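In the working numbering, the protein residues as written are 5 to 223.
Written out as structure tokens, the structure is:
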């Protein structure tokens, strides 16, 4: 088999695996919604836990919108579940950041080469040997003048803003944004995790503290 064919086969297998995982989680969501949870309290708790774990996995996936699932949980269950949705959202975003932080640049270059994204592959190759300070300086030099303070000095604030930006699915969603942040190696893990905890808090915290019934409000 030619090297190019092998590369395309590996890429197609990876994409198929991602699609199968996403489709399986969506099937799980449909199963959960169809269950009668009124009579069995233990079943109710177990299903909610499964729902939250599936939600966290969806949030972690780039370009897969998962926030709507968290909102639907708060609509169906009321304000009491808001802290659990909050923790699941944080878990998903932290998983995405960790995946970006731990991914091998060599493996990533191989994937990009398989996709014939030569420019992106060369960019990763150029960035790999740089230290964090050198990467930060390169980011400052390449960013528009108006964006340089946010992209460098206030980069953690930028991540928080992007996570809460309406329509951020075009940027990869929360999972894609945090994966890219981890991949850049520009963010200290502890600071990034604190940023995620703060950035995700406003809506679940408001729903929980003020007892906002999203179901009644939307209805």
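For each residue, glycine too, the CB sits at the ideal point set by N, CA and C. These figures come from a predicted structure and were not determined experimentally.
- In this structure, residue 136 lies near residue 190, with their beta-carbon atoms less than 8 angstroms apart.
- Closest option to residue 128, judged by alpha-carbon separation, among 184, 51 and 62: 184.
- Excluding its 5 nearest sequence neighbours in each direction, residue 84 has C-beta neighbours in its own chain below 8 angstroms: 212, listed in chain order.
- Nearest in C-alpha terms to residue 182, of all of 105, 139, 82 and 86, is 105.
- By a beta-carbon distance limit of 8 angstroms, residue 77 does not contact residue 63. Their separation comes to about 12 angstroms.
- DSSP places residue 175 in the helix class (H, G or I) of the three-state scheme.
- The stretch 49-69 makes no contact with the stretch 157-164: fewer than 3 CB pairs, one atom from each, lie closer than 8 angstroms.
- Counting the other Cβ atoms within 10 Å of the Cβ of residue 49 gives fewer than 16, which makes it exposed.
- In this structure, 178 is the residue among 178, 111 and 118 with its C-alpha nearest to the C-alpha of residue 199.
- The beta-carbon distance between residue 160 and residue 195, rounded to whole angstroms, is 6 angstroms. This is short enough to meet the 8 angstroms contact definition.
- Taking the Cα of residue 186 as reference, the smallest distance to any Cα among 214, 168, 87 and 109 is reached at 109.
- Around residue 176, the same chain offers 66 and 67 as residues with beta carbons nearer than 6 angstroms, after the five sequence neighbours per side are excluded.
- According to the DSSP assignment, residue 87 belongs to the alpha helix (DSSP H) that extends over 86-106.
- Going by DSSP, residue 111 is part of the alpha helix (DSSP H) stretching over 109-118.
- Residue 68 sits in coil when the DSSP states are folded into three classes, being neither helix nor strand.
- CA-to-CA, the gap between residue 172 and residue 180 works out to about 9 angstroms.
- Under a 10 Å Cβ-count criterion, residue 208 is classified as buried, with 16 or more other Cβ atoms of the shown protein chains found around its own Cβ.
- Residue 158 counts as exposed, since fewer than 16 other C-beta atoms from the protein chains shown sit within 10 angstroms of its C-beta.
- Taking a contact as a CB-CB distance under 8 angstroms, the pair residue 92 and residue 59 counts as one, their CB atoms being some 5 angstroms apart.
- Ranked by Cα distance from residue 188, the options 168, 156 and 204 are led by 156.
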